[in-house]
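K.L.:
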Amino acid sequence: MHRTRIAMPSAAPRLALPPVFASPADIPGSPLHEVLKQPLLLGLFLPVQSGGWSPSTLPRGTDWQFDYNARLTLQAEALGFDLVFGLAQWLPKGGHGGQIRYREESLDPFVTTAALGALTSRILLISTIQILYGPWHPLHLAKFGATLDHITDGRWGLNMVTGNLRTQALMFGREQIAHDERYAMAEEFTDFLTALWGEDENLSRAGRYWQTHDAYVSPRPRYGRPILVNATGSPAGMRYAARHSDLVFVTSPAGAEIEAALQALPAHIAALRQAGAAEGRALRTLINPMVICRPTEKEAREYHDAIVAAQDRQAVDAFQASSTARDSQAHRGHQRDQRAVGGNVQVVGSPEQVVDAFLRLKAAGCDGVQLTFYDFAPDLAYFGEAVLPLLKQAGLRIG
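With the working numbering applied, the sequence shown covers 90 to 488.
1) Hey, out of Thr321, Arg314, Ala429, whose CA is closest to glycine 234's CA?
2) At the level of alpha carbons, what is the spacing between valine 436 and isoleucine 381?
3) Identify every run of the beta strand (DSSP E) within the segment 204-240, keeping only runs that are complete inside it and at least 3 residues long; order them along the chain.
4) State the DSSP-derived secondary structure class of glutamine 154, mapped to helix, strand or coil.
5) Determine the extent of the beta strand (DSSP E) in which leucine 246 is found, giving its start and end residues.
6) Buried or exposed, going by whether 16 or more other CB atoms sit within 10 Å of the CB of arginine 402?
7) When you compare each of Leu130, Leu469, Trp245, Gln219 to tyrosine 312 by their alpha carbons, which one comes out closest?
8) Scan the segment 258-303 and note each continuous alpha helix (DSSP H) run of 4 residues or more that stays entirely inside, going in chain order.
9) Are at least three pairs of beta-carbons, each pair with one atom in the segment 112-127 and one in the segment 355-363, less than 8 angstroms apart?
10) Could you spell out the range, first to last residue, of the alpha helix (DSSP H) harbouring isoleucine 358?
11) If you follow the alpha helix (DSSP H) that arginine 149 is in, where does it begin and where does it stop?
12) Can you name the start and end residues of the beta strand (DSSP E) that arginine 373 belongs to?
13) Which residue from Ala452, Ala453, Val443 puts its Cα closest to that of leucine 460?
14) If I measure Cβ to Cβ from glutamine 424 and keep anything under 7 angstroms in the same chain, skipping five residues before and after, which residues do I get?
15) Looking only at its chain, what residues have a beta carbon closer than 8 angstroms to the beta carbon of leucine 228, apart from the 5 residues adjacent to it on each side?
16) Quick one: using the 10 Å Cβ neighbour count with 16 as the cut-off for buried, is asparagine 158 buried or exposed?
17) Are the beta-carbon atoms belonging to alanine 429 and proline 144 less than 8 angstroms from one another?
18) One question on the structure: do glycine 206 and leucine 214 come within less than 8 angstroms of each other, judged by their Cβ atoms?
19) Buried or exposed, going by whether 16 or more other CB atoms sit within 10 Å of the CB of glycine 132?
20) Taking DSSP as the reference, what is the three-state secondary structure of glycine 473?
21) Spatial neighbours of leucine 176 within its chain, please: C-beta separation below 7 angstroms, excluding the five flanking residues on both sides.
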């Protein structure tokens, strides 16, 4: 696909920037450039939905409401975490059902991260948005994103989701769009975004899916464009990531068991890196571990087993069925009990074992970990107390 590169203006007070298709990762001083100095990125996957990532009834304090997620974000920022983002979903009343009505309640992650922008000072805030649901136009998101970039001084980013479940598309009065066509639409949508963020004059453009005439967006993004993220396991998604994304959320093709994941990930990530190299781009990858950590392996295993034993079986079955109905290629290898615990891979053990698993994920090609916990606030606090110092000793974190 031919793409015209738009030269950035050099007039003050803006920085002298490379073309808009360049990543803010390549611009010294940008928040993304700064966090990428870390050997292993640390992110927190916020529990903006009821039940978090675990359809289990084991008692915990995890809460989907904003105040709880704001406290988690500030806690993560104080610990030196690099980024946060949440899940975007559209579910009917009852969510995935069961005793806990799994994920019935949820915050919109775009609005949530926008609100977090005024509360935080350093951590990256990534908004997950299903861009093909409803009447989104690239001009809407270009303006909203430029505003959030301005508010956060370049800390805002877009995690682009195309939607992979027919029942969710039907909520918006649309039939599900075929998988590869969704990525063709996402490609055009993102080309519009980057053009609008990079053009200092009115922009007129006619695409296959969107058109605009004399459109203009201000304020100008501080570092060329906001941070772009997507999650993918398919060839079409990898092609999109190679052309656009700064951070790519990968999943284990072999399920959540850590040893199986470590065997499958190197080839999977190598294919993604090759796609990026073909576009002249270096992609960074994130993976989502569920961390279950206690002072000893025995205690951690007991915690894990208690979560599984208390699973809400109806909710787990419905969640498994929903995952099977999707046309995405992520999470296909996950077993039923793994759904009850959550996370794309599960890291269970002592602080030393958690660090060893992260070292091995790094060796397998993962540039960062986007963490989930069962009982978020106390588990995150214990991670900061017991695991983070060991990550620094192991050379995975600096500062």
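The C-beta atom is built at its ideal place from N, Cα and C for all residues, glycine as well. Values in this document were obtained by computation on a predicted structure and should not be read as measured data.
P.N.:
In brief:
1) Arg314
2) 6 angstroms
3) 213-219
4) coil
5) One detail in the question is off: residue 246 reads as glycine in this sequence, not leucine. Taken as a continuous stretch (DSSP letters only), the beta strand (DSSP E) holding glycine 246 covers 245-250.
6) exposed
7) Trp245
8) 268-287
9) no
10) Element bounds for isoleucine 358: 347-367.
11) No alpha helix (DSSP H) contains arginine 149, which DSSP labels as neither H nor E.
12) Element bounds for arginine 373: 373-376.
13) Val443
14) Gly344
15) Contacts found: Phe281, Leu285, Thr301, Ala304, Val306.
16) buried
17) yes
18) yes
19) buried
20) Reduced to three states, the DSSP call for glycine 473 is helix.
21) Val137, Gln138, Pro198, Thr217
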